[in-house]
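Engineer: The following block contains the structure, expressed as structure tokens.
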Amino acid sequence: MSIVKTLFKERTFAVGFGIVVCLFFLGLAAPLVSPYPAQGMGETVPSPCSSPAGVCAPTLSHPFGTEVGGRDIMSRIFFGLRTSILVSLLVVSISFVIGLFIGVSAGYFGGWVDELLMRITDVFLSFPHIILALIIVATLGPGLKDVVIALGVTWWPYFARLSRAQALSVKFRPYVQLSKYYGVPSFKVMLGHLIPSSLSPLVIQATLDLGSVVLAEAGLSFLGLGVRPPTADLGRMIFESIDYVTTAWWYPLFPGIFLALLVIGFNLMGDSLRERFEPSLRRSF
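Here it is as structure tokens:
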């Protein structure tokens, strides 16, 4: 509890946490808080204004305006937040588990196991993760499941490097060596000593990566390789607004604002956690 109180005393963490909680609520409760839930889920309606495409300026009934198909942009944003949050949590969770297992195994066993696993990790790190994700999604096809798989498969090397470094710093400590001396199985040694020591830096990395994953998912959707319509997605909303940038400023503006807020919230939390739990970084500030 003292750690939690300390974190909330830091303005950066408190602001980031507040932003993320508000957006989480809007996304998870989208069917309840959206003014037009059916439109948020993709239902098209007759244009509420003179625009034949249905792109109408903000009004009292549609505070953020409407998009193509006459759908309420506010409702679409709330459902789009749900998509972004779901994808980011799934991708980071998958990457966390894969990277933790590979990194701890490499650090603990060393030798050819370490060499093999780290060379595989280096291969993945040598390519921009968004390029690998594009290749995988182009092969599997667009869709929520395929986007999660593509990003999860390409994001784990960062966690693997961190967990390997932590495992190497712990494996030669007396209590680990005693466990090995008395014949404790390697799996139990890793589970009892090495994995717990890796969790703190990996949680910080995971918090920072949530914002990056949100941007990566939005980028894939912007390129037409993300979530399939009519599922709401912030990146796709921005892509579909390109043709209306000069005539309908509200169309790209509001999805862009909420996308930026979500990323900023995650980054503020991650930066605060890193400064709090990494002493060397804290001293440098």
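In the UniProt record's numbering, the protein residues as written are 1 to 285. Note that beta-carbon positions come from the ideal geometry of N, C-alpha and C, so glycine has one too. Keep in mind it's a predicted model, so treat the numbers as computed, not measured.
(1) How long is the line joining the alpha carbons of Lys180 and Leu223, rounded to whole angstroms?
(2) I'd like the list of long-range same chain contacts for Gly143, defined as Cβ closer than 6 Å, with 5 residues on each side in sequence excluded.
(3) From the beta carbon of Phe258, is the nearest beta carbon of chain D less than 9 Å away?
(4) Have a look at Val123 and Trp156 and give me their C-alpha separation to the nearest angstrom.
(5) Does the separation of the CB atoms of Ile195 and Leu100 fall below 9 Å?
(6) Using 8 Å as the Cβ pair cut-off and three pairs as the minimum, do the stretch 75–91 and the stretch 225–245 touch?
(7) Using the three-state DSSP reduction, which class does Thr121 fall into: helix, strand or coil?
(8) Which of the three DSSP states is assigned to Asp72 in this structure?
(9) Apart from the five residues on each side of it in sequence, which residues of its chain come closer than 6 Å, Cβ to Cβ, to Val45?
(10) Would Asp209 and Gly152 be called neighbours here (beta carbons separated by less than 9 Å)?
(11) In three-state terms, what does DSSP make of Arg282?
(12) According to DSSP, Thr66 sits in a beta bridge with which residue or residues?
(13) Using the three-state DSSP reduction, which class does Cys22 fall into: helix, strand or coil?
(14) Which residues in the same chain have their Cβ closer than 8 Å to the Cβ of Val148, if we skip the five residues on either side of it in sequence?
(15) How long is the line joining the alpha carbons of Ala150 and Tyr182, rounded to whole angstroms?
(16) Can you tell me which of Ser197, Phe187, Gly111 puts its alpha carbon nearest to the alpha carbon of Gln166?
(17) Could you please give the first and the last residue of the uninterrupted alpha helix (DSSP H) stretch that includes Val153?
(18) Looking only at its chain, what residues have a beta carbon closer than 8 Å to the beta carbon of Tyr108, apart from the 5 residues adjacent to it on each side?
(19) Please go through the same chain and pick out, in chain order, the residues whose beta-carbon is closer than 7 Å to the beta-carbon of Pro35, but skip the five residues on each side of it.
(20) Does DSSP put Asp209 in a helix, a strand or coil?
(21) When the Cα atoms are used, what is the spatial distance from Val214 to Leu178?
(22) Tell me which residues share the same chain as Leu134 and place their Cβ nearer than 6 Å to its Cβ, disregarding the 5 neighbours each side in the sequence.
(23) Going straight from the alpha carbon of Thr154 to that of His129, what length do you get?
(24) Is the beta carbon of Phe159 sitting closer than 9 Å to the one on Gly103?
(25) Identify the continuous alpha helix (DSSP H) that holds Val189 and give its terminal residues.
(26) Apart from the five residues just before and just after Ala29, which ones in its own chain have a Cβ nearer than 7 Å to its Cβ?
(27) To the nearest angstrom, how far is it from the Cα of Gly16 to the Cα of Val176?
Structural biologist: Considering the structure as presented:
(1) The count along the sequence shown starts at 1 and reaches residue 180 at position 180. The count along the sequence shown starts at 1 and reaches residue 223 at position 223. In a straight line, the C-alpha of Lys180 is about 51 Å away from that of Leu223.
(2) Residue 143 sits at position 143 when you count from the first residue of the sequence shown. Result list for Gly143: Arg228, in chain order.
(3) The structure shown has no chain D; it contains just one protein chain.
(4) Reading the sequence shown from its first residue, position 123 is the one you call residue 123. Reading the sequence shown from its first residue, position 156 is the one you call residue 156. Straight-line Cα distance between these residues: approximately 12 Å.
(5) Here residue 195 refers to the residue found at position 195 of the sequence shown. Here residue 100 refers to the residue found at position 100 of the sequence shown. A contact, by the Cβ cut-off of 9 Å.
(6) Output reads yes: the stretch 225–245 touches the stretch 75–91.
(7) Counting from 1 along the sequence shown, the entry for residue 121 is found at position 121. The answer is helix: DSSP assigns Thr121 an H, G or I state.
(8) As a first step, residue 72 is located in the sequence shown; it is residue number 72 there, counting from the start. Under the three-state reduction of DSSP output, Asp72 falls in the strand class.
(9) In the sequence shown, residue 45 corresponds to position 45, counting from 1. Around Val45: Gly70.
(10) One-based indexing of the sequence shown puts residue 209 at position 209. One-based indexing of the sequence shown puts residue 152 at position 152. Cβ distance not < 9 Å, so Asp209 and Gly152 don't count as in contact.
(11) By 1-based counting over the sequence shown, the position of residue 282 is 282. Low local confidence applies: a pLDDT of 45 at Arg282 is under 50, so the model's placement there is unreliable, with the coordinate-based value given in what follows. Three-state DSSP puts Arg282 in a helix.
(12) Stepping through the sequence shown from its first residue, residue 66 is reached at position 66. Answer is Asp72.
(13) As a working mapping, residue 22 is identified with position 22 in the sequence shown. Here Cys22 sits in helix by DSSP.
(14) Translated into positions along the sequence shown, residue 148 becomes position 148. Closer than 8 Å at the Cβ level, and outside the excluded window around Val148, lie Val87, Leu90, Val91, Ile94.
(15) On the sequence shown, residue 150 is found 150 positions in, with the first residue counted as 1. On the sequence shown, residue 182 is found 182 positions in, with the first residue counted as 1. Rounded to the nearest angstrom, the two C-alpha atoms are 42 Å apart.
(16) Along the sequence shown, one-based indexing puts residue 166 at 166. Nearest C-alpha to Gln166: Ser197.
(17) Translated into positions along the sequence shown, residue 153 becomes position 153. Taken as a continuous stretch (DSSP letters only), the alpha helix (DSSP H) holding Val153 covers 144–170.
(18) Within the sequence shown, residue 108 is the residue found at index 108, counting from 1. Hits under 8 Å: Ala167, Lys171, Ser186, Val189, Met190, Leu194.
(19) Locating residue 35 in the sequence shown gives position 35, counting from the first residue. Answer for Pro35: Asp72, Met74, Ser75, listed in chain order.
(20) Working through the sequence shown from its first residue, we reach residue 209 at position 209. The answer is helix: DSSP assigns Asp209 an H, G or I state.
(21) For the purposes of this step, residue 214 is taken as the residue at position 214 of the sequence shown. For the purposes of this step, residue 178 is taken as the residue at position 178 of the sequence shown. Going from the Cα of Val214 to the Cα of Leu178 covers about 44 Å.
(22) Counted from its first residue, the sequence shown places residue 134 at position 134. Nothing meets the Cβ criterion.
(23) The residue you call residue 154 lines up with position 154 of the sequence shown. The residue you call residue 129 lines up with position 129 of the sequence shown. Straight-line Cα distance between these residues: approximately 6 Å.
(24) Counting from 1 along the sequence shown, the entry for residue 159 is found at position 159. Counting from 1 along the sequence shown, the entry for residue 103 is found at position 103. Yes; because the gap between Cβ atoms is below 9 Å, this pair is in contact.
(25) As a working note, residue 189 is residue 189 in the sequence shown. From DSSP, the alpha helix (DSSP H) with Val189 extends over 186–189.
(26) Residue mapping note: residue 29 aligns to position 29 of the sequence shown, counting from 1. Excluding residues within five positions, none has a Cβ falling inside 7 Å.
(27) Residue numbering aside, residue 16 sits at position 16 when the sequence shown is read from its first letter. Residue numbering aside, residue 176 sits at position 176 when the sequence shown is read from its first letter. For Gly16 and Val176, the distance between alpha carbons rounds to 38 Å.
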